[in-house]
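Colleague: Residue numbers for the sequence shown follow my numbering, beginning at 404 and rising by one. Note that the Cβ used here is the ideal one computed from N, Cα and C, for glycine as well.
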Amino acid sequence: MTPTINETAAEGDLRHPRFRFLLERCRDRPRIPMGVIHPCSAVSLEGALDAASHGLIEPWLFGPEAQIRQLADTLGRGLEGVTIRDASDARAAARAAALAGRRGDVAALMKGDIHTADLMHVLLDRDAGVRGSGRMSHAFAIDTPAYSHPLLISDAVIHLRPGLEEKREICQNAIGLAQTIGIEHRHVAVLAAVETVHETMPATLHAAALAKMAERGQIVGADLEGPLALDNAISHAAADMKHIEARVAGRANILIAPDLESGNLLAKALVLLADGIAAGIVLGASLPVALTSRADSPASRVASAAMAVLEATRTEHAVA
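1. Which same chain residues end up closer than 7 Å to Ala708 when comparing Cβ atoms and leaving out the 5 residues on each side of it in sequence?
2. For Leu555, is the classification buried or exposed, using 16 other Cβ atoms within 10 angstroms of its Cβ as the cut-off for buried?
3. Starting from Leu633, trace the alpha helix (DSSP H) both ways and give me its first and last residue.
4. Output the distance between the C-alpha atoms of Thr407 and Asp558, rounded to the nearest integer angstrom.
5. Measuring only the C-alpha atoms, how far is Gly532 from Arg538?
6. So, under 8 Å CB-CB, Asp516 and Arg654 are touching, yes? Tell me the CB distance rounded to an integer number of Å.
7. Going by other Cβ atoms of all chains shown within 10 Å of its Cβ, with 16 needed for buried, is Val623 buried or exposed?
8. Where does Arg505 fall in DSSP's three states?
9. Name the residue from Arg434, Gly679, Val600 and His609 whose alpha carbon lies nearest to the alpha carbon of Ala549.
10. Helix, strand or coil for Arg534 per DSSP?
11. Let me know if Ala672 comes out buried or exposed under the rule of 16 or more other beta-carbons within 10 Å of its beta-carbon.
12. Taking 7 Å as the cut-off, is the CB of Ser540 close to at least one heavy atom of the ligand GTP?
13. In chain order, what residues of the same chain have a beta carbon less than 7 Å from the beta carbon of Met404, not counting five sequence neighbours either side?
14. From the DSSP secondary-structure annotation, give me the bridge partner or partners of Thr477.
15. Find the nearest neighbour of Ile545 within the set Thr716, Ala706 and Val712, judged by alpha-carbon distance.
16. Identify every run of the beta strand (DSSP E) within the segment 548-598, keeping only runs that are complete inside it and at least 3 residues long; order them along the chain.
17. Starting from the C-beta of Arg717, find all residues in its chain whose C-beta is less than 7 Å away, skip the five residues before and the five after it, and write them out in chain order.
18. I need the straight-line Cα distance from Ala497 to Leu631, nearest angstrom please.
19. Sorted by chain position, which residues of the same chain lie with C-beta nearer than 8 Å to Leu502's C-beta, five sequence neighbours on each side aside?
20. Look at the alpha carbon of Ala715 and the alpha carbon of Phe465, and state the distance between them as a whole number of angstroms.
21. Sorted by chain position, which residues of the same chain lie with C-beta nearer than 6 Å to Ala617's C-beta, five sequence neighbours on each side aside?
22. Quick test of your reading: His552 and Asn656, contact by CB under 8 Å. State the CB separation rounded to the nearest angstrom.
23. Secondary structure at Ala469, three-state DSSP: helix, strand or coil?
24. In the DSSP assignment, the alpha helix (DSSP H) including His646 goes from what residue to what residue?
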């Protein structure tokens, strides 16, 4: 019988409810082979091995084999049941992992100790990458005690200054992820600095256009409104004080950032200042890619692996 998530591990000292929720949703899913790209830092190797301990993945480690084995020995971690594919450096590891994904040897990928720009350069390669049929985008799932339900933020990694059509696909990818991880009622807030439309503020124009596109069925699967400022997107009190009547106001669980910089700052602020954990994933590729900051904790990497498992197995476990 294919092993599934370890129940004892899932109920360990995990203080973030949504983190436990992701693990619980993986309980009936089989382990998937995951290619971990250049796990040559302590947090990246421990994150991969912890994900295996939780019953989520079968790790395939791509990178300098001698360095990986030495690091595991230093950390006191065993490598039983782990496949290692020797690669000279981070980019070579990314290329080898992408090829393994294209061949079907692995069902998902995980970023290790590699710069995001270097990884995305490989993943987006038309000949050797893992492009899917749509546009790739990234989403963070944030669990913070400061907010009562899971919060997705997109795009904070890939699209520097997305245009309107890019934002439409970013919205649709994020809605699909929310559905996959079990968010039943999906409320999308397209963020700007203010909640009114101004010609001199392009983010408000994009947000208003996206709201109309959702109204006309060009974005489906969620309530979507914009522009909304961050306060009235997540706070009923702020929305009431500003006399904003919107279905999404005060209850948003998907935040669409105006650009990469604002989205990245928001996600990192929630992690560093609000005791959050951020799980990150690339959507729209031919296979899911767990992608966090190189400085993120092993727990964040386990949560990211859980999202990748849910994405990789979603066709067998359709979510309404």
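Modeller: Quick answer:
1. Met437, Ala454, Leu459, Ile460, Met513 and Ala693
2. buried
3. Leu633 to Ile637
4. Note that Thr407 scores a pLDDT of 42, beneath 50, so its modelled location is shaky and nothing firm can be said.
5. So the alpha carbons of these two residues sit roughly 13 Å apart.
6. About 38 Å; that fails the 8 Å criterion.
7. exposed
8. helix
9. Gly679
10. In the structure shown, the three-state DSSP call for Arg534 is strand.
11. Its Cβ having fewer than 16 others within 10 Å, Ala672 is exposed.
12. With respect to the ligand GTP, the structure shown offers nothing to examine, as it has no ligands at all.
13. Only weak support exists for where Met404 lies, its pLDDT of 36 falling under 50; the coordinates are left without a value.
14. Secondary-structure assignment with DSSP links Thr477 through no beta bridge to anything.
15. Ala706
16. 554-557 and 590-594
17. Thr583
18. 38 Å
19. Cβ within range, chain order: Ala531.
20. 20 Å
21. Contacts found: Leu627.
22. 6 Å
23. In the three-state scheme derived from DSSP, where H, G and I count as helix and E and B as strand, Ala469 is classed as helix.
24. Secondary structure note for His646: it is in no alpha helix (DSSP H), with a DSSP letter that is neither H nor E.
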